[in-house]
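The sequence shown maps to residues 0 to 340 in numbering that gives the first Met the number 0.
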Amino acid sequence: MLTLKEQIAGYEQEINTFSPSGAADLEAFRIKFLGAKGIVKMIFGEMKNVPVDQKKEAGQLLNAFKVLAESRFEQFKSLEDSVDKKESREDLSLPGTPLPMGTRHPLRVTEQKIVSIFEKLGFSVATGPEIEDDWHNFTSLNMPENHTARDMQDTFYVQTNPDWVLRTHTSSVQARILETQQLPVRVICPGRVYRNETISARAHCFFHQCEGLYVDKNVSFADLKQTLYYFVTEMFGEGTKVRFRPSYFPFTEPSAEMDISCTVCGGKGCNLCKHTGWVEILGCGMVHPNMLRNFGIDPEVYSGFAFGMGVERITQIRYQVNDLRLYSQNDVRFLRQFQGI
Ligand code: DAH
Numbered sequence: 000m001l002t003l004k005e006q007i008a009g010y011e012q013e014i015n016t017f018s019p020s021g022a023a024d025l026e027a028f029r030i031k032f033l034g035a036k037g038i039v040k041m042i043f044g045e046m047k048n049v050p051v052d053q054k055k056e057a058g059q060l061l062n063a064f065k066v067l068a069e070s071r072f073e074q075f076k077s078l079e080d081s082v083d084k085k086e087s088r089e090d091l092s093l094p095g096t097p098l099p100m101g102t103r104h105p106l107r108v109t110e111q112k113i114v115s116i117f118e119k120l121g122f123s124v125a126t127g128p129e130i131e132d133d134w135h136n137f138t139s140l141n142m143p144e145n146h147t148a149r150d151m152q153d154t155f156y157v158q159t160n161p162d163w164v165l166r167t168h169t170s171s172v173q174a175r176i177l178e179t180q181q182l183p184v185r186v187i188c189p190g191r192v193y194r195n196e197t198i199s200a201r202a203h204c205f206f207h208q209c210e211g212l213y214v215d216k217n218v219s220f221a222d223l224k225q226t227l228y229y230f231v232t233e234m235f236g237e238g239t240k241v242r243f244r245p246s247y248f249p250f251t252e253p254s255a256e257m258d259i260s261c262t263v264c265g266g267k268g269c270n271l272c273k274h275t276g277w278v279e280i281l282g283c284g285m286v287h288p289n290m291l292r293n294f295g296i297d298p299e300v301y302s303g304f305a306f307g308m309g310v311e312r313i314t315q316i317r318y319q320v321n322d323l324r325l326y327s328q329n330d331v332r333f334l335r336q337f338q339g340i
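Okay, structure coming up:
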């Protein structure tokens, strides 16, 4: 005759290896072990035959057995409930259906990188409208009507209002900042700009810029250079060389364009740098006194620097994208290449 302990051990094994192949199996299990005339009840009935001195141990054993039977049942029951009411059971060990991972747009990645570098230097982000009036896009930037510098940028005019344009550069945000904010100001202004250009690999009717502006007492060209050196090192890595070439912008004096040593060939000469070893990345200069005066700022007391860079250009250098059109075609074969960046 099997002892109670041995009986329980046998049933425990049965329970542990139990694996139903459907709801009917599970119900049979319930009736067999947990039903009104089931094994758990039956074994509990045996308690009365256990000698008094063994009752405590036997009670613990029985309780553990009951819990095992119940939890095994619950485990399969919840599986059963989660599967469709249909007869068929899903194979829960199958791998899930893969969901394609999205990507951030490379221009946005670059823009965020630019912004975060300048944020570390204490610049804050400012934005302005894409439909801009003549004053903020041109006149206040030292480009009065009929100024030849307006021809540097082919402008889209808004037909219904001759005073409105699609902004040709983010320098318009500089104007809005100087108009509304207390000095000193230190801002970085990312945004989309528009020019009336025929679309090709190297030109587009819209693209993106990031403008920087710092106006305070005693701001010098040395501050501008140091700020931009820091930017270049953070963006393109230690050892990237920089050179400034004198240039002309109506809103800065003196003005310069900044080149960096080609990050692809290291200066030896390649397609990106057109075999010169250098690539231009931005325009910059000291804010023109006329521009400060336009906003009631005394150029004898305050000075500032400004710079503007093309986000497409920086992205092109970072990822060797050689056709501007790719950025706005939404071709997933292009966009997928930036997964994980
Ligand atoms: N606005 C100029 C452009 O679109 C870029 C630029 C040059 C911005 C010099 C500046 C600057 O702030 O100082 O070509």
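Note that beta-carbon positions come from the ideal geometry of N, C-alpha and C, so glycine has one too.
For A27, the uninterrupted alpha helix (DSSP H) segment begins and ends at 22-28. Residue nearest to L60 within the set E45, G307, F250, T232 is E45 (criterion: CA-CA distance). L281 sits in a strand when the DSSP states are folded into three classes. For E129, the three-state secondary structure derived from DSSP is coil.
The Cβ atoms of L182 and V214 lie closer than 7 Å to each other. The Cβ-Cβ distance between N141 and P249 falls below 7 Å. Comparing alpha carbon positions, the residue from K240, R166, T109 closest to C204 is R166.
Around the beta-carbon of N48, fewer than 16 other beta-carbon atoms lie within 10 Å, marking it exposed. Inclusion of A305 in the 6 Å shell around the ligand DAH follows from its C-beta lying nearer than that to a non-hydrogen atom of the ligand. Taking C-alpha positions only, I316 is separated from T262 by approximately 7 Å. Between the alpha carbons of T16 and L93 lies a distance of about 21 Å.
At least one heavy atom of the ligand DAH lies closer than 6 Å to the C-beta of T251. For the options I313, A27, K4, N293, the alpha carbon positioned closest to that of S260 is the one of I313. In this structure, the alpha-carbon of N62 lies about 13 Å from that of L33. In this structure, H274 has its CB at a distance of at least 6 Å from all heavy atoms of the ligand DAH. DSSP lists C209, L281 as the bridge partner or partners of M308. Setting aside the 5 residues that flank it on each side, G303 is surrounded in the same chain by Y213, V214, V218, V286, each with a C-beta closer than 6 Å to its C-beta; the list follows chain order.
Within the model, the alpha-carbon separation for E56 versus E89 is close to 42 Å.
Taking T126 as reference, the option from P189, I113, G101 with the minimal CA-CA separation is P189.
Annotation: the continuous alpha helix (DSSP H) that includes L334 extends over 331-334. For G58, the enclosing alpha helix (DSSP H) covers residues 54-81.
Leaving aside the five residues that flank S139 on each side, the residues in its chain whose CB is nearer than 6 Å to its CB run, in chain order, A174, N293. The beta carbon of L334 sits closer than 6 Å to those of T102, all from its chain and outside the five residues before and after it, given in chain order. According to DSSP, S170 shares a beta bridge with no other residue. Checking the DSSP bridge columns, you'll see V192 partnered with F206. In the structure shown, S260 falls within a strand segment according to DSSP collapsed to helix, strand and coil. Contact between the stretch 317-326 and the stretch 113-126 is absent: fewer than 3 CB-CB pairs across the two stretches fall below 8 Å.
Here G58 is exposed: its Cβ has fewer than 16 other Cβ atoms, across all protein chains shown, within 10 Å. Cβ atoms of F337 and V108 come within 8 Å of each other, at about 7 Å. Secondary structure of S139 (DSSP, three-state): helix.
Take the alpha-carbon of I7 and the one of S81: they are about 31 Å apart. Beta-bridge partners of G303 (DSSP): V214. Counting the other Cβ atoms within 10 Å of the Cβ of I176 gives 16 or more, which makes it buried.
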